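Beneath this line is the structure, given in structure tokens, with notes to follow.
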Amino acid sequence: MVKTTPFHPRLTELNTTQLWAHWAGHLSAAQYDIAGKHEYFGVRNAVGFFDASPLYKFEIIGRDAEAFLAGVLARDIRTCRPGHAQYTIWCDDAGYVLEDGVVFRHSANEFLLTAAEPNLSFLQNQIGSMQVSIDDVSAQYAMLAVQGPRSRAVIADLAPEVNELGYFGHAQTKIAGSEVTVSRTGFTGDLGFELRIPADNALPVLDAVMEAGEPHRMRPFGDQALNLLRIEAGLPLIGVEFTSSRYSYNEHERFTPDELGLGWMLKGIDDDTRPFIGRRAIINERATGSSRWTTVGLAVDGNAFESLFYDAGLIPPKDEPPASWETMLYDDQGERAGYATSYAYSPMMQTQIGIARVRPELTAIGTTIHVEQTVNHVYTTVPAAVTRMPFFNPERKTSMT
Amino acid sequence: MTDTHRYDAIIVGGGHNGLVNGAYLAKAGMKTLILEQRHLVGGAAITEELYPGFSFTTFSYALGLIRPEVVRELELVKHGFNPIYMPTSFAPMENGDYLMLGPDRDENIREIMRHSPRDADAMDRYEHDVGRILQLMYPLSDRIPPDIFGKTAEDAADVAWLLGHLGSAEKKVIHDAVRLITGSISDFLDDYFESEILKGYLAASSTTGTKVGPMSAGSGLVSLMMMLGEHDGHLGSWSFHKGGNGGLTQVMARAAEAFGAEIRLDSHVDHVITKDGQASGVALQDGTEFHADVVVSALDPRQTFTKLVNPRELPGDLVESIDRYQFNGTSAKVNFALDGVPRYPTLGDRTDQYRGFVSIAPSIEYLERAYDASKYGWYSERPYLDNCFQSFLDPDMAPPGKHVMSCFVSYAPYHLKGSDWDTERNNLGDTVQATIESFFPGFGDLVLHREVVTPLDIERVVGLSEGNIYAGDYLLPQMYFFRPAPGWSQYRTPIDGYYQCGSGTHPGGCVTGAPGRLASQQILKDRLNKS
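Printed below as a string of structure tokens:
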């Protein structure tokens, strides 16, 4: 029987379409409104809220908790002070990415790690003789993401301390009488916050947030809007951009941090005092230049795209949901350049954008890549340029005002 | 004269087409100056805080027709281009019922079936047929019109292209296009629909900005012009720009400046300096002169040919054409600051109907009766109103919990018989408010502030002759290779170096950027040929 989240009684009232997806064994709204795309516009121009409760949450506590995470996570947890959080990954011993998640540091010895997939036995298997306890506390908390330019005004109405919260900072506060952990995090690439709420208090907190959001035109948003938002933010999604190395059938399905464009997390990899899982393999990858791919952003040449269709007597199809399959890419010689894992029309960028893996020599900004495109049932290509990610990266995402 | 007053190109008028034209010229490397008479750029596409905390789109209020290539070529995204699509269109009825359409085809079919089961599949046919017409028209609106009176090989090639393009279309598409362009929107819709509310809703745009009624021949053309837009592959769809249309022109100004154009505000151009049939610069009203070999007027044809230059320097047939070019402004605006959300009784506390246009056009007969008054020199007793609440999608437009409402009014003819607009301004406001009140009881109690904009105000503030929002009526003899005058549709003028780029040129008005873009192509081509 599929589960519902602690917010569900309210969300089912709000979900006028009654379209639900399944996420981590829970019902998760696909779209609340028949005008699903307008949930996306709501987030980019006002504020929206998203039920992120199905995320797995692991509490990691103990004298050795920092040392434990320093050895498991690829990003150096020692640089994360209490009251801060990190987007992070963990790898296998061959240097391939297992999963990604966000780790919150509450004190010297208390952490909470969120992840899209179950990880308890994996994490516990790494403990060895360390003084650390790891619990799956997923069901104990509801998570509410409040995202968009007005999100600060909404949350500040309930918890003024968020005005002081920097990017990836978090704090304890009280909303509707409930303890709430509020963090300046999210999956939309915009100004945004996430609230972690004891499950029993989920509804009163949601009601308070909805009331505070009303004058700011806040609306709920579902999976479909989130997918477009996270593509514009250039954020990888497990199952789309990569498969956990643990569940890969062959080497084509597994990727290193550098290949996924996450090499920036590996600052300090040369520091011998932190031998995390996969470190030696990654150092070797870098020394030998054995990376097979580089992750880049692609932006399609809109004039060329439109001409392709108008010249064929068709209206250019732009407003499609993100392609749920890989899109093939070619270089100027018609040789395989790589593939886009996510590919969608971006209203903010006004063209098709893609998160793509290309051969390492094709990564210079502005390099032309030819994207597979079917027109009148025939394969052709449309030119795109290698571009920086995030595609959409507003100043408000990280600024203090 | 100092070097700082010397430019490659000077654009007179910082409306959206002036900005677009200036941006393209600057992008091509020309030292470009854009002169705007007011304290802000945008012309009729501006956003102003006319009441504390409330941002009014005083004149132009929505975005639907901007050409995607302008957005891309001028890199507007980099400078903050941010359309917000409208999820709904709402048309209240006099009996309390309504028509509400949205982005979901199947939902729309069910909604139309409430009014007429026959019209459900008729809507699909109508949209497909109109889509085919638009497909035929886009290439015409995205190219400099052919000069059918020209004698050069290039002119012949342009005409051959046009004939080839039309000749390649299916005969039904050509026939539909001719029926729509030359006929009335009422007849065109009758071929598909029976529902009064659906026909009223679809015919409403034909009443916009031109002095024709929906039953007049030529109203189909106005409708077509209002459909020639596209958002993300959705033909004829509309949006608001973040911060209103003034937000858009600020983006365009930033783009122009990023390409190197200079924008000078509070610079009212008195005349274009000409000598021996050659433009050499402009003189401001304060006597300041700026010099350039290329001068571009972004103003309307009357200003371009009879105010900025001396008509005695122009060919007589052109002067006559401009003299009889129809302006006939028939549009007004009433902008409201509201304390809350109006209530539509049938929908109770629902407010989702305010996320797009709220069109007071319950039937074609309602629209035609609204038109009747204008024939006799008066404004409609029950006008067509196109309302929108930008603050529903963009909360920055009003304080939290409050709303701005932009209300476009048709018909309000520039020439009143027996009165004048300074006398009638407030009466028009009352007429409009009473009409809204009749559909949304209690509306008046929400009004915190009301700003009435008459055709005379449009002329006085923006400079559009007779308050015509398109810089000239959409009438067949004023379109395409006749816009603004036979032989002068290619953005040039009889004065060497003097060009036109405003909405009085092809393809016409609304916030498209197309005249500014096409004019820049002509200017750059001529410049290349000269060098």
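Protein chains in written order, with my numbering: chain A, 1106 to 1506; chain B, 1117 to 1647.
All residues carry an ideal CB built from backbone N, CA and C; glycine is no exception.
Remember, predicted model here, so these are calculated numbers, not experimental data.
Just reading off the beta strand (DSSP E) that residue i is part of, what are its end residues?
i: GLN1191 of chain A; result: 1189-1196
i: GLY1141 of chain A; result: Here GLY1141 of chain A belongs to no beta strand (DSSP E), and DSSP marks it neither H nor E.
i: ASP1502 of chain B; result: 1500-1504
i: SER1212 of chain A; result: 1202-1212
i: ASN1451 of chain B; result: 1447-1454
i: TRP1128 of chain A; result: 1124-1128
i: HIS1565 of chain B; result: 1563-1569
i: TYR1487 of chain B; result: It is not in any beta strand (DSSP E) - TYR1487 of chain B instead sits in the alpha helix (DSSP H) that spans 1480-1491.
i: SER1412 of chain A; result: Element bounds for SER1412 of chain A: not the beta strand (DSSP E) but the alpha helix (DSSP H), 1407-1415.
Whose C-beta lies closer than 8 angstroms to the C-beta of residue i among residues of the same chain, with five residues either side of it excluded?
i: THR1121 of chain A; result: TYR1137, ASP1138, ILE1139
i: SER1451 of chain A; result: LEU1333, ILE1336, GLU1337, GLN1457, ILE1458, PHE1496, PHE1497
i: SER1332 of chain B; result: SER1300, TYR1487
i: ASP1382 of chain B; result: GLU1152, GLN1153, ARG1154, HIS1155
i: GLN1594 of chain B; result: TYR1441, GLN1442, GLY1588, PRO1600
Spatial neighbours of residue i within its chain, please: CB distance less than 7 angstroms, with the 5 preceding and 5 following residues excluded, ordered by chain position.
i: ALA1417 of chain A; result: VAL1480, ASN1481
i: THR1070 of chain A; result: In this structure chain A extends from 1106 to 1506, so residue 1070 of chain A is not present and cannot be described.
i: GLN1438 of chain A; result: none
i: ASN1602 of chain B; result: In the sequence on display, residue 1602 of chain B carries Pro and not Asn. Here the set comprises PHE1265, SER1437.
i: TYR1484 of chain A; result: GLU1477
The alpha helix (DSSP H) with residue i in it runs from where to where?
i: ALA1125 of chain B; result: First-last for ALA1125 of chain B: 1125-1128, but that is the beta strand (DSSP E), not the alpha helix (DSSP H).
i: PRO1303 of chain A; result: From DSSP, PRO1303 of chain A is part of no alpha helix (DSSP H) but of the beta strand (DSSP E) over 1297-1303.
i: THR1286 of chain A; result: Note, THR1286 of chain A: premise wrong, no alpha helix (DSSP H); beta strand (DSSP E) at 1283-1288.
Using a cut-off of 7 angstroms between C-beta atoms, extract the partners of residue i located in chain B.
i: ARG1255 of chain A; result: PRO1511
i: HIS1321 of chain A; result: PRO1511, PRO1516
i: GLU1118 of chain A; result: What GLU1118 of chain A touches in chain B: nothing, since even the nearest Cβ is about 14 angstroms away.
For residue i, which residues in the same chain have their Cβ closer than 6 angstroms to its Cβ, ignoring the five residues on either side in sequence?
i: TYR1448 of chain A; result: ALA1428, THR1432, GLY1459
i: MET1117 of chain B; result: The pLDDT assigned to MET1117 of chain B is 47, lower than 50, so where the model puts this residue is not dependable; a value taken from the coordinates is nonetheless given after this. So the list is empty, once near-sequence residues are dropped.
i: GLN1191 of chain A; result: ARG1180, CYS1185, VAL1208
i: ILE1480 of chain B; result: SER1302, LYS1315, GLY1316, ALA1319, PRO1330
i: ASN1543 of chain B; result: none
Can you pull the chain A residues whose beta carbon is under 9 angstroms from the beta carbon of residue i, in chain order?
i: GLY1247 of chain B; result: ILE1420
i: TYR1254 of chain B; result: TYR1415
i: TYR1201 of chain B; result: ALA1140, LYS1142, HIS1143, PHE1146, PRO1452
i: PHE1508 of chain B; result: ARG1322
i: GLN1251 of chain B; result: TYR1415, GLY1418, LEU1419, ILE1420
Find the residues of chain A that neighbour residue i, judging by a C-beta separation of less than 7 angstroms, and give them in chain order.
i: LEU1314 of chain B; result: By Cβ distance, chain A contributes nothing, its closest Cβ being about 19 angstroms from LEU1314 of chain B, past 7 angstroms.
i: GLY1349 of chain B; result: ILE1420, PRO1421, PRO1422, LYS1423, ASP1424
i: LYS1358 of chain B; result: ASN1150
Anything in chain B within Cβ reach of residue i, meaning under 8 angstroms, just list it in chain order.
i: ILE1474 of chain A; result: Within chain B, no residue comes near ILE1474 of chain A; the closest Cβ sits about 18 angstroms away, beyond 8 angstroms.
Residues of chain A with a CB under 8 angstroms from the CB of residue i: which are they?
i: GLU1223 of chain B; result: ILE1139
i: ASP1220 of chain B; result: ILE1139, ALA1140
With residue i and residue j assumed to form a contact (beta carbons below 8 angstroms), what rounded beta-carbon distance in angstroms separates them?
i: GLY1180 of chain B; j: PRO1461 of chain B; result: About 30 angstroms separates the two Cβ atoms, so there is no contact after all.
i: THR1290 of chain A; j: GLU1284 of chain A; result: Their Cβ separation, rounded to whole angstroms, is 18 angstroms, which puts THR1290 of chain A and GLU1284 of chain A out of contact at 8 angstroms.
i: ILE1162 of chain B; j: PHE1146 of chain A; result: The Cβ separation is near 23 angstroms, so there is no contact.
i: TYR1530 of chain B; j: LEU1572 of chain B; result: 7 angstroms
i: GLY1618 of chain B; j: PRO1631 of chain B; result: 6 angstroms
i: TRP1398 of chain A; j: ARG1493 of chain A; result: With 8 angstroms as the limit, TRP1398 of chain A and ARG1493 of chain A do not qualify as a contact, their Cβ atoms being about 17 angstroms apart.
i: ALA1241 of chain A; j: TYR1161 of chain A; result: A small fix is needed here, since residue 1241 of chain A is Asp in this sequence, not Ala. Indeed, because the Cβ distance is near 7 angstroms, the residues count as touching under 8 angstroms.
i: ARG1566 of chain B; j: PHE1452 of chain B; result: 6 angstroms
i: SER1322 of chain B; j: SER1311 of chain B; result: That belief does not hold up - the Cβ atoms of SER1322 of chain B and SER1311 of chain B are roughly 17 angstroms apart, past 8 angstroms.
Determine the chain B residues that contact residue i at a beta-carbon separation under 9 angstroms, and present them in chain order.
i: GLN1455 of chain A; result: PRO1184, VAL1187, ARG1188, LEU1192, VAL1193, PHE1197, PRO1199, ASP1348
i: GLY1407 of chain A; result: PRO1184, GLU1185, VAL1187, ARG1188
i: GLU1337 of chain A; result: The contacting residues do not exist; GLU1337 of chain A stays about 11 angstroms from chain B at best.
Original post:
How do the segment 1147-1163 of chain A and the segment 1253-1263 of chain A stand: do at least 3 beta-carbon pairs fall below 8 angstroms, yes or no?
Top reply: Judged by Cβ distances under 8 angstroms, the segment 1147-1163 of chain A makes contact with the segment 1253-1263 of chain A, as three or more pairs qualify.
Original post:
Looking at C-beta atoms only, is the number of pairs between the segment 1626-1642 of chain B and the segment 1127-1141 of chain B that lie closer than 8 angstroms three or more?
Top reply: Yes, they touch.
Original post:
Taking contact to mean at least 3 C-beta pairs separated by less than 8 angstroms, is the segment 1258-1271 of chain A in contact with the segment 1193-1212 of chain A?
Top reply: no
Original post:
Should the segment 1542-1561 of chain B be regarded as contacting the segment 1142-1151 of chain B, the criterion being three or more beta carbon pairs within less than 8 angstroms?
Top reply: no
Original post:
Taking three-plus beta-carbon pairs below 8 angstroms as touching, is the segment 1495-1508 of chain B in contact with the segment 1467-1480 of chain B?
Top reply: Contact holds: three or more Cβ-Cβ distances are below 8 angstroms.
Subject >> Given 8 angstroms, three or more beta-carbon pairs between the segment 1174-1188 of chain B and the segment 1415-1428 of chain B >> reply: no
Subject >> Inter-stretch contact at 8 angstroms, needing at least 3 Cβ pairs: the segment 1387-1402 of chain A / the segment 1355-1365 of chain A >> reply: The segment 1387-1402 of chain A is in contact with the segment 1355-1365 of chain A.
Subject >> Validate contact between the segment 1169-1180 of chain B and the segment 1343-1360 of chain B using beta carbons, cut 8 angstroms, 3 pairs >> reply: yes
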